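Novice: Numbering follows the UniProt record's numbering, in which position 198 of the sequence shown is assigned residue number 198; successive positions increment by one, without gaps. Here a beta-carbon is modelled for each residue, glycine too, at the ideal position from N, C-alpha and C. Note that this is a predicted model, so its numbers are computed, not measured.
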Amino acid sequence: MHREEEGELRWTSSQQRHLVDIGRVTLVSPGRTRILARERRVGSRLDQTPLHLAVITDQPELVALLLQHRASPLIPDRNGQTCIHLACENGSVRSLEVLIRTGIRDLESTNYHGMTALHLAIRSGRRDITECLLEHGADVNAVDLKSGQSPLILAVENEFEELVSLLLQKGAEINGSTYAGNTALHVASGRGLYEITRLLLRSGADGSIKNCHNDTAMTVAKDRKIVDILRGKSSSPCSQNERLRGPIKGRPYSPLSQGAASGNISFSPPP
């Protein structure tokens, strides 16, 4: 293009929920394109660049344009999230594919919460993004830096059975543990997740492993059905009534038991 053209880029940010002026693209001449304020942070609260917002709103053509003109995908926002992190957290699969296709492979970098892109994809419950990351070499056993959770344990904690199955197929370490010593089976048992508990046991989970509080999966189980599953007495799929039956002696699940299932607190079985 031989004459200079300028145009403002405006779009709705899903985080800020209003139109955001993210800067101007100036096309000067063939081979000489620059992006004004290319790395300017927009929205002081989130410390985001134009490329961040293009990824968040999943506009792959705009992402490609900004990358073509040397916008950096490695700049972190206020939460330490690069473009790869943001794509995974926000379900921006098309933008993720553009980032990877153009050679952006910082798949193991962590945000300020210690999570990799794969952790964020799992937490978002996105199979498509999880598969994309794994196909391009993401570490299926990466642990977050705060609690030591692997993607598998995070998938169990969020009750994403489909993702648990996928991660196991991709070689996830089934007996890996958090910093508190809890395995995926501890989490599934403590949360009363029948089908996930069965899946883990069928896949070779070791029920004898003890966490840092000397608890096994059996110890943290609050539900008779889970105890039966762990003892091998129940192998049939759960009925709807079983799913709704609740914990032993009708006790409701408490924040304490939820914390224990997540690997941070230990609790004893009911009398």
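#1: Using the Cβ count rule (16 or more neighbours within 10 Å means buried), how would you classify L74?
#2: Where L166 and D128 are concerned, what is the direct C-alpha to C-alpha distance, given to the nearest angstrom?
#3: Taking the Cβ atom as the reference point for each residue, do residue 272 and S150 lie within a distance shorter than 8 Å?
#4: What is the rounded straight-line gap between the Cα of C238 and the Cα of E195?
#5: If contacts are defined as beta-carbon pairs under 8 Å, then L199 and A217 qualify, I think. What distance do you get, rounded to the angstrom?
#6: Whole angstroms is fine: what's the gap from R38's alpha carbon to N90's?
#7: For G135, count neighbouring C-beta atoms within 10 Å of its own C-beta (all shown protein chains included) and say buried if the count is 16 or more, exposed if not.
#8: Our contact map puts N158 next to G125 with C-beta atoms below 8 Å; I'd like the distance itself, whole angstroms only.
#9: I'd like to check one pair, N111 with E80: are the Cβ atoms closer than 8 Å?
#10: Per DSSP, what kind of secondary structure is T197 in: helix, strand or coil?
#11: Alpha carbon to alpha carbon, how far is R191 from M115?
#12: Can you have a look at C83 and say buried or exposed, based on whether 16 or more other CB atoms are within 10 angstroms of its CB?
#13: First and last residue of the alpha helix (DSSP H) that includes G190?
#14: DSSP three-state label for Q81, please.
#15: Hey, how far is the Cα of R45 from the Cα of H52?
#16: Taking C-alpha atoms, which residue in L118, A188 and N175 lies nearest to H85?
#17: To the nearest whole angstrom, what separates the beta carbons of R105 and L154, a pair I think is in contact under 8 Å?
#18: How would you call Q68, buried or exposed, if buried means at least 16 neighbouring beta carbons within 10 angstroms?
#19: Roughly how many angstroms lie between the CA atoms of S92 and L65, to the nearest whole one?
#20: Quickly, what does DSSP pair S177 with across the bridge? List them, please.
Specialist: Looking at the coordinates:
#1: With fewer than 16 other beta carbons inside 10 angstroms of its own, L74 counts as exposed.
#2: 11 Å
#3: Residue numbering for the chain in the displayed model covers 1 to 271; residue 272 lies beyond these limits and cannot be assessed.
#4: Because the pLDDT at C238 is just 48, under 50, the model does not fix this residue reliably, and the point stays unresolved.
#5: Rounded, the Cβ-Cβ distance is 13 Å, inconsistent with contact.
#6: Here the model assigns R38 a pLDDT of 45, short of 50, so the residue's position is not dependable, and the following value carries that caveat. Near 22 Å, if we compare the C-alpha coordinates of N90 and R38.
#7: According to the sequence shown, residue 135 is Glu rather than Gly. Per the 10 Å Cβ criterion, exposed.
#8: 7 Å
#9: Per the sequence presented here, residue 80 reads as Gly, with Glu not at that position. Yes, the pair counts as a contact, with Cβ atoms nearer than the cut-off.
#10: helix
#11: 23 Å
#12: The residue in question, C83, is buried, as its Cβ has 16 or more Cβ neighbours within 10 Å.
#13: A184 to G190
#14: Note: Q81 maps to coil in three-state DSSP.
#15: 14 Å
#16: Closest option to H85, Cα to Cα, is L118.
#17: 22 Å between Cβ atoms; not a contact.
#18: exposed
#19: 16 Å
#20: T183
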